[in-house]
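Asker:
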Amino acid sequence: MNENNLAIKKIDNIENESIDFDSLEKQLQEDLTEQLEELDILKSNAEKIGNPDTLGEVVLNVVWEQVINQIGVVAGEDFIAENRGLKLDLRKDAHIQTTENFANGKIASHNAKIDYQQRYDDWQSNFKRDENGEIIKKYDRIDKVNKEVLVDGYREPYDKGRRKGSAAVHMDETISVGEQVRDPAANAHLTIEERVKFDQSDTNLNPMDASANESKRDHNAINWLESERNGQKPAERFNIDEKQIREKDIEARTEYKKLKEEGEKRSIEAGKQSQKEEAFRIGGKALRAVVMGLLLALIKDIIKALVAWFRASQKNFSSFIEKMKEAIRIFFSNIKRHLCIAADTLLTTVLTSILGLIVNLIKKAYLFLKQGYKSIKDAINYIKDPVNKNKPFEILLLEVGKIITGALTVGGAMILGETIEKLLITIPAFAIEIPLLGSLASILGIFFGALTSGIIGAIVLNLIDRRIAKKQKRLNNQRQFQKRNKVLLAQEQLINVSEQDLVRTKSENISNINERHRLAKEIIERYINQKDDEYSDNSLPQKTNEDKFNDIFNDLNNM
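Read in order, the letters of the sequence shown correspond to residues 510 to 1068 in the working numbering.
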């Protein structure tokens, strides 16, 4: 622009210098267009001064994020409720009960097919404990191991309906009840009915001399046969068939092992099925939450379009349909953003199902911190913006105060919402659960918390705007005035260049005409001053005056 001004100022003083007026005029026209566009921007900014719509949009977005977050949290809580109060756990050990884990008290509590916790509790109830709750053990010299001491009555389920024999000959259990009761594999993978059925089967029961049976008790049959008392083994002391007992022991233990292996296979199959069902359960909850979130996003766009339709001057069915189509177009144009929100809802659902309500607190804290960080960042960027560097310091502080007020309003909406929810939840009528949205108290808490905080924030912003609006408008008016002056100057320069171009063209035309007149004069004078003796040569035809004028005319045309 400065170069153009300099060029224009020099035009009056430069007569012979070659200037590209066409390029200069084009540049000035572009500058004028740019100045007019900047003027329109200033007018637009002037209309926004003191407008609290920005705060409303911020509060609306935060409330929206809370609602979407609530959908994920509620879906996670619903999963936990349907999962027998258990949080999501798809690990193998949570569903498939192993003998080792059962023995160590690590229960596959998520297995919905078999109640291993009940089996473990029933198993542990058979053992005596000391004052510290520790199981009492006693060394068995025949089996050469420390055995858990059993409580009185541990045999009761096994003795019901069992064949006991006579006073002289008892029906001995090849694998004793004591051994079965202490066996973690049998208690983990077999029901009490299965264990009793095996114990009372012909495979396990064996007629034995009463005295020998009293001596054997719950020892391992083979270990008992190998034991000695006063230098004699049981086969020597009692009337028993050692070979038959050994064969019977092999038969019983083979059947017992097979029975436990089958039970373990059932435990694995039940665990896999339970694991699959839990995975489908959380998948269904997460999918419903995602669909609900996308549906609410569409509803949000439709409501905004509906509000715009009500505000419109012309309201008819055709314009209504157009607004609805526009809402749908807006929804799909923002589908990537909606899918990101859906992914966040999915993550919230899964995390809530794993961690519980702590996720809700974390997400709310995250929203609060995110908005606070954004406000601080916006405030810093506002101060650093070159456009604002010439603003009065007071206005800068007040504008930054508006940004911080937005953050505090968001934080207030969340805190008030939480407080209102806790107050309302104590009233039974507000504790009603709404599918996928949570309790009525929670929904009302979010709404009234945002409404109250938003009103307070709007009042504060209005007070701030009242103080700075006049200064902002005055500054804007000054800028518009300066911009108008620049527009007028650009127009004046453009006119000046056009005038100078016209003067230059006129001067060149006049110069050309004068030059032609001078040449014509010389030609005419040359022919008039020619002497007749130039044509005295008799050998040449004599030219008449008419011929001379024709020569003059031809010379003039050839200039």
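The C-beta atom is built at its ideal place from N, Cα and C for all residues, glycine as well. What you are looking at is a predicted structure, and each value in this text was computed from that prediction instead of being measured.
Residues in its own chain within less than 6 Å of A836 by CB, not counting five upstream and five downstream?
Answerer: D810, I811 and A814
Asker: Whole angstroms is fine: what's the gap from A940's alpha carbon to D853's?
Answerer: The C-alpha of A940 lies about 26 Å from the C-alpha of D853.
Asker: How about S618 and Q627: are their beta carbons less than 8 Å apart?
Answerer: no
Asker: How many angstroms separate the CA atom of Y667 from the CA atom of K769?
Answerer: 18 Å
Asker: Anyone know if the C-beta pair for E640 and H698 falls short of 8 Å?
Answerer: no
Asker: For the alpha helix (DSSP H) holding N613, just list the boundary residues, first then last.
Answerer: Element bounds for N613: n/a, residue is neither H nor E.
Asker: What residue does the beta strand (DSSP E) around L714 start on, and which one ends it?
Answerer: That run of the beta strand (DSSP E) goes L714 to D718.
Asker: Taking the CB atoms as reference points, tell me whether E682 and N713 lie closer together than 8 Å.
Answerer: yes
Asker: Going by Cα to Cα distance, which pick from T1014, G793, K646 and Q784 is closest to K622?
Answerer: Of T1014, G793, K646 and Q784, the residue nearest in Cα terms is Q784.
Asker: Should the segment 816-824 be called in touch with the segment 841-849, which here means at least 3 C-beta pairs below 8 Å?
Answerer: no
Asker: Whole angstroms is fine: what's the gap from P743's alpha carbon to D631's?
Answerer: 35 Å
Asker: Report the CB separation of G780 from N592 in whole angstroms; it is logged as a contact under 8 Å.
Answerer: That pair is no contact at about 15 Å.
Asker: Decide if Y765 is buried, meaning its Cβ has at least 16 other Cβ atoms within 10 Å, or exposed.
Answerer: So Y765 ends up on the buried side.
Asker: Quick one: what does DSSP say I1022 is sitting in, helix, strand or coil?
Answerer: helix
Asker: Within 10 angstroms of its Cβ, does R1035 collect 16 or more other Cβ (buried), or is it exposed?
Answerer: exposed
Asker: So I734 and E751 are in contact, right, with Cβ under 8 Å, and what is the actual spacing, rounded?
Answerer: Inspection of the sequence shows that residue 734 is occupied by Leu rather than by Ile. The Cβ separation is near 6 Å, so the contact holds.
Asker: Any chance the segment 643-661 sits against the segment 686-698, with 3 or more Cβ pairs inside 8 Å?
Answerer: Contact holds: three or more Cβ-Cβ distances are below 8 Å.
Asker: Using C-beta distances below 7 Å, list every residue in its chain close to E524, excluding the 5 sequence neighbours before and after it, in chain order.
Answerer: With a pLDDT of 44 at E524, under the threshold of 50, the modelled position of that residue is not reliable, and the figure given next carries that caveat. Cβ within range, chain order: n/a, list empty.
Asker: Report the three-state DSSP secondary structure of I754 (helix, strand or coil).
Answerer: helix
Asker: Pick from I924, S951, E942 and E702: whose alpha carbon is nearest that of L933?
Answerer: S951
Asker: Is the CB-CB distance between G802 and A851 below 8 Å?
Answerer: yes
Asker: What would DSSP say about E835, mapped onto helix, strand or coil?
Answerer: helix
Asker: Specify, as a first and last residue, the run of the beta strand (DSSP E) that D631 falls within.
Answerer: Note, D631: premise wrong, no beta strand (DSSP E); alpha helix (DSSP H) at Y625 to Q633.
Asker: In this structure, how does DSSP classify E643 when only helix, strand and coil are distinguished?
Answerer: coil
Asker: Where does V658 sit, in a helix, a strand or coil, going by DSSP?
Answerer: coil
Asker: Considering only their Cβ atoms, is the gap separating A938 from R797 smaller than 8 Å?
Answerer: no
Asker: With a CB to CB cut of under 7 Å and the five nearest residues on each side skipped, what residues in its chain are close to I749?
Answerer: M717, D718, A721 and P743
Asker: Name the DSSP beta bridge partners of G674, please?
Answerer: H679
Asker: On a CA-only basis, which of H604, L972 and G642 is nearest D624? Give me that one, please.
Answerer: H604
Asker: Just to confirm, is the Cβ distance from L953 to I929 under 8 Å?
Answerer: yes
Asker: Please return the same chain residues whose Cβ sits closer than 6 Å to the Cβ of E715, not counting the five positions on each side in sequence.
Answerer: Here the sequence assigns Asn to residue 715, which means Glu is not the residue at that position. Excluding positions up to five away in sequence, the list reads D681, T683 and K757.
Asker: State yes or no: is the C-beta of F840 within less than 8 Å of the C-beta of A817?
Answerer: no
Asker: Who does Y648 pair with in a DSSP beta bridge?
Answerer: N655
Asker: To the nearest angstrom, how far is the alpha carbon of I754 from that of K646?
Answerer: 28 Å
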